[in-house]
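In UniProt numbering, the protein residues as written are 1 to 136.
Every residue gets a Cβ at the ideal spot worked out from N, C-alpha and C, and that includes glycine.
Input: a single structure, listed below in structure tokens.
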Amino acid sequence: MQHWLVKSEPETYSWADLVKDGRTMWDGVRNYQARNNMQQMQPGDLVLFYHSVSEKAIVGIAKVDKAAYPDPTAKDDKGKWVVVDLVPFRDFKEPVTLEQIKKDERLQDIALLRQSRLSVMPLKAEEFDILLALGN
DNA sequence: GCCAACGTTGGC
DNA sequence: GCCAACGTTGGC
Numbered sequence: 001m002q003h004w005l006v007k008s009e010p011e012t013y014s015w016a017d018l019v020k021d022g023r024t025m026w027d028g029v030r031n032y033q034a035r036n037n038m039q040q041m042q043p044g045d046l047v048l049f050y051h052s053v054s055e056k057a058i059v060g061i062a063k064v065d066k067a068a069y070p071d072p073t074a075k076d077d078k079g080k081w082v083v084v085d086l087v088p089f090r091d092f093k094e095p096v097t098l099e100q101i102k103k104d105e106r107l108q109d110i111a112l113l114r115q116s117r118l119s120v121m122p123l124k125a126e127e128f129d130i131l132l133a134l135g136n
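Put into structure tokens, the structure is as follows:
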């Protein structure tokens, strides 16, 4: 099983929205690297949910419910972009802030720090475990 | 194929 | 609100 992190501006779509909805189609990704990552996702993979911009913290764990399929919101180039379905899995008891991540020596290689603009990224198993421990 | 111009993301 | 980083577009 692989681990992932996705970003969302909470003003656009928040963790609370996902919990309320019970499931969401993760659409609108228009970046090749992010898309390639989404294509690797398998049902059951766990996905940390990061609130960017206003909050800058990981707030929960989602789970991949359906692997990549064509993004129906991609009008002109259907087949080029994909979505996955995510369901909420568990809340973080404590949000893990970007500041905490930056301070943690063990997390210096995390894609979140190395490539700040990427919105869908893989996490190493050990990074996932560390973040999980920090959030609980 | 290079690179300048421009747009977007996201941290500060 | 600013700006750095990065991706994309288009002229040459």
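CA-to-CA distance, residue j to residue i, given in whole angstroms
| i | j | result |
| --- | --- | --- |
| proline 88 | arginine 23 | 7 Å |
| serine 116 | asparagine 37 | 15 Å |
| methionine 121 | aspartate 45 | 13 Å |
| phenylalanine 49 | proline 72 | 23 Å |
| tryptophan 26 | glutamine 108 | 27 Å |
| arginine 106 | proline 43 | 28 Å |
| serine 8 | lysine 75 | 22 Å |
| glycine 135 | glycine 79 | 37 Å |
| valine 59 | proline 70 | 28 Å |
| glycine 28 | lysine 124 | 25 Å |
| alanine 111 | aspartate 21 | 28 Å |
Simplified DSSP assignment, three categories, for residue i
| i | result |
| --- | --- |
| valine 19 | helix |
| alanine 111 | helix |
| methionine 41 | coil |
Bounding residues of the beta strand (DSSP E) (the contiguous stretch that carries residue i)
| i | result |
| --- | --- |
| arginine 30 | Run containing arginine 30: none; DSSP gives neither H nor E here. |
| isoleucine 101 | Looking at the DSSP string, isoleucine 101 is not in any beta strand (DSSP E); the run it does join, the alpha helix (DSSP H), is 98-103. |
| tyrosine 69 | 57-70 |
| leucine 5 | 3-8 |
| leucine 46 | 46-51 |
Residue j beta carbon less than 8 Å from that of residue i
| i | j | result |
| --- | --- | --- |
| methionine 118 | isoleucine 101 | For the record, residue 118 in the displayed sequence is leucine; it is not methionine. The answer is no: Cβ separation not under 8 Å. |
| aspartate 85 | aspartate 104 | no |
| glutamine 39 | alanine 62 | no |
| serine 54 | glutamate 11 | yes |
| histidine 51 | tryptophan 81 | no |
Start and end residues, alpha helix (DSSP H) containing residue i
| i | result |
| --- | --- |
| leucine 134 | 125-135 |
Worksheet item: Three or more beta-carbon pairs under 8 Å between the segment 94-102 and the segment 33-42, yes or no?
Response: No, the segment 94-102 does not touch the segment 33-42.
Worksheet entry | the segment 120-135 contacting the segment 3-11, beta-carbon criterion three pairs below 8 Å | yes
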